[in-house]
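Chemist: What follows is a single structure, and I will ask about it in a moment.
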Amino acid sequence: MKIPTEPIGSIPRPLSLLEAIGDRDGTDPALTPLYEAAIRDTIERFEATGSPVVTDGEQRKYHNFWTYAVHGLENTAPDGFKIPFSAGHTRRMPRLTAGPFRYKRTADRYLDLALSYAHVPVKQAVISPSALSLMYPPEEIPDYTREQFIDDLLREHEAEVRACLLKGAHKVQIDFTEGRLAIKMDSSGNLLQSFIDLNNLALSRFNAEERMRIGVHTCPGGDRDSTHSAEVGYAKLLPHLFQLMAGNFYIALAGEKNRLEVLKTIRAHMKPDHRVFVGVVAPMDPAIETPEEVCERVLEAAEYIPVTQLGTTDDCGFSPFSDDTSRTRDTAFAKIRARVAGTAMASELLRDR
Ligand SMILES: [Zn+2]
């Protein structure tokens, strides 16, 4: 039994690309050759790690994983929802000012180029409907109700996921980092449950076979060596998370203080048709894990998760926000190499299970 291993998505952008973007609009056509060179280099280096599944490193998500689809929309203002990080800074999303809501760009466009360079399967991350739902302001927009917005949002999201599946994405990963954040914002759990319900409305539009290729990523957020919700325990999130109608779950674990508690909670709430990819390397930690350390983490997880339902991943992207340079490209690929080698070692030891 070979244990599958997949990345989350982002790789730090080359500094030359970040400098070229500078204060410019990231869609400036003059940047196209730089993006293409960055994507080609990312995929070559990814494949050199032995990773059986790669991404384009999100080189073209020139703001971040959260708002790539909506940046530059005319019916928005910059003063939207704020995410406070533990390092003291905040990230902000645009606020919707008028209907109708449409994506400005969809992630399947990134797949076209990645697939043309790659020799192994490529996965694609997209943002969750629940994250984008935070764009609608607390007060109602005149002539455009929240219900109309949600209808538009779900249609746009479904079209994006469907296009990625059709183009041959190995998996489509829905980034749901606001899950733990929702518990921090509303300890009653109502906000989290509303996020789960909304995302399930989207997932219910796909059939069982399609949902086997759809996954959900959860983590405490990662930006400039800090998180937005690490203090919220998984015990509050996972019972809700596993209600999501997805086949795959990508759960940050390597950076957790009490991994065994998390694994027990996973065991208690995962379902028989779920594949759980646990994080075995931590982008937040500058030290590079050894394959042996990774192997040990996989063996530990296999005590709680049936090997037939186990996979490994990175805890998070290596720079979900494109200007985050706290990790280098070299470090990211070294950690990925350790994930791949350590998972292979564990697969060998667990092959009869
Ligand atoms: Zn993450």
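Per numbering that gives the first Met the number 0, the very first residue in the sequence shown carries number 0; after that it's consecutive.
For each residue, glycine too, the CB sits at the ideal point set by N, CA and C.
Computed from a prediction, not measured in an experiment: that's the story for all the values here.
#1: Kindly indicate the opening and closing residues of the beta strand (DSSP E) around Y34.
#2: When you compare the CB of T327 with every CB in chain B, is at least one pair closer than 9 Å?
#3: May I ask which residues mark the beginning and end of the beta strand (DSSP E) holding F276?
#4: Tell me whether V119 is buried or exposed, calling it buried when 16 or more other Cβ atoms sit within 10 Å of its Cβ.
#5: Where does the unbroken beta strand (DSSP E) through K81 begin, and where does it stop?
#6: Please tell me whether, using a cut-off of 8 Å, the distance from the CB of I7 to the nearest non-hydrogen atom of ligand 1 is below it.
#7: Taking the DSSP output, what are the residues bridged to L95?
#8: Which same chain residues end up closer than 6 Å to F194 when comparing Cβ atoms and leaving out the 5 residues on each side of it in sequence?
#9: Report yes if the C-beta of P319 is less than 8 Å from at least one heavy atom of ligand 1; otherwise report no.
#10: Taking the continuous beta strand (DSSP E) assigned at V125, which residues delimit it?
#11: Pick helix, strand or coil for L388, following the three-state DSSP scheme.
#12: What would DSSP say about E208, mapped onto helix, strand or coil?
#13: Start and end of the alpha helix (DSSP H) containing F148?
#14: Taking C-alpha atoms, which residue in L262, T176, R350, D329 lies nearest to C315?
#15: May I have the straight-line CA-CA distance separating I2 from Q172, to the nearest angstrom?
#16: Hey, would you say R326 sits closer than 9 Å to P11, going by beta carbons?
#17: When DSSP labels each residue in this structure, what does F111 get in the three-state scheme?
#18: Going straight from the alpha carbon of R336 to that of A47, what length do you get?
#19: Is the beta carbon of M269 less than 9 Å from the beta carbon of F241?
#20: If contacts are defined as beta-carbon pairs under 8 Å, then G79 and P93 qualify, I think. What distance do you get, rounded to the angstrom?
#21: So does T289 have its beta carbon nearer than 8 Å to some heavy atom of ligand 1?
#22: Need the endpoints of the alpha helix (DSSP H) that N199 sits in, please.
#23: Distance check for I20 and L259, CA to CA, integer angstroms please.
#24: Quick one, which of A36, E255, L72, A68 has its alpha-carbon nearest G56's?
#25: Count the other C-beta atoms from every protein chain shown that fall within 10 angstroms of the C-beta of N257, then say buried if there are 16 or more, exposed otherwise.
#26: May I have the straight-line CA-CA distance separating R179 from Q192, to the nearest angstrom?
#27: Hey, out of K122, S321, S187, D224, whose CA is closest to S50's CA?
Modeler: Looking at the atomic coordinates:
#1: Per DSSP, Y34 lies in no beta strand (DSSP E); the unbroken alpha helix (DSSP H) holding it starts and ends at 31 to 47.
#2: No chain B appears in this structure, which consists of one protein chain only.
#3: Run containing F276: 274 to 280, per the beta strand (DSSP E) assignment.
#4: Of the other Cβ atoms in all chains shown, fewer than 16 fall within 10 Å of the Cβ of V119; this residue is therefore exposed.
#5: Element bounds for K81: 81 to 83.
#6: Correct: I7 has its Cβ closer than 8 Å to ligand 1.
#7: Per the DSSP secondary-structure output, L95 pairs in a beta bridge with T75.
#8: Excluding positions up to five away in sequence, the list reads S129, A181.
#9: Answer for P319: yes, Cβ within range of ligand 1.
#10: The continuous beta strand (DSSP E) containing V125 extends over residues 123 to 126.
#11: Only positions 0 to 352 of the chain appear in this structure, which leaves residue 388 out of reach.
#12: Here E208 sits in helix by DSSP.
#13: That run of the alpha helix (DSSP H) goes 145 to 166.
#14: Closest by alpha carbon: T176.
#15: Roughly 18 Å between the two C-alpha positions.
#16: It is a contact, given that the beta carbons lie within the stated cut-off.
#17: In the sequence as presented, Phe is not what sits at residue 111; that position holds Asp. In the structure shown, D111 sits in a helix (DSSP, three-state: H, G or I).
#18: Taking the straight line joining both Cα atoms gives about 8 Å.
#19: Annotated as proximal: M269 and F241, with beta-carbon spacing under 9 Å.
#20: The Cβ separation is near 5 Å, so the contact holds.
#21: Result no, Cβ not under 8 Å from ligand 1.
#22: That run of the alpha helix (DSSP H) goes 189 to 202.
#23: Their Cα atoms are separated by approximately 43 Å.
#24: The shortest C-alpha to C-alpha distance from G56 to any of A36, E255, L72, A68 is the one to A36.
#25: N257 counts as exposed, since fewer than 16 other C-beta atoms from the protein chains shown sit within 10 angstroms of its C-beta.
#26: Their backbone Cα atoms lie some 11 Å apart in a straight line.
#27: The closest CA to that of S50, considering only K122, S321, S187, D224, is found on K122.
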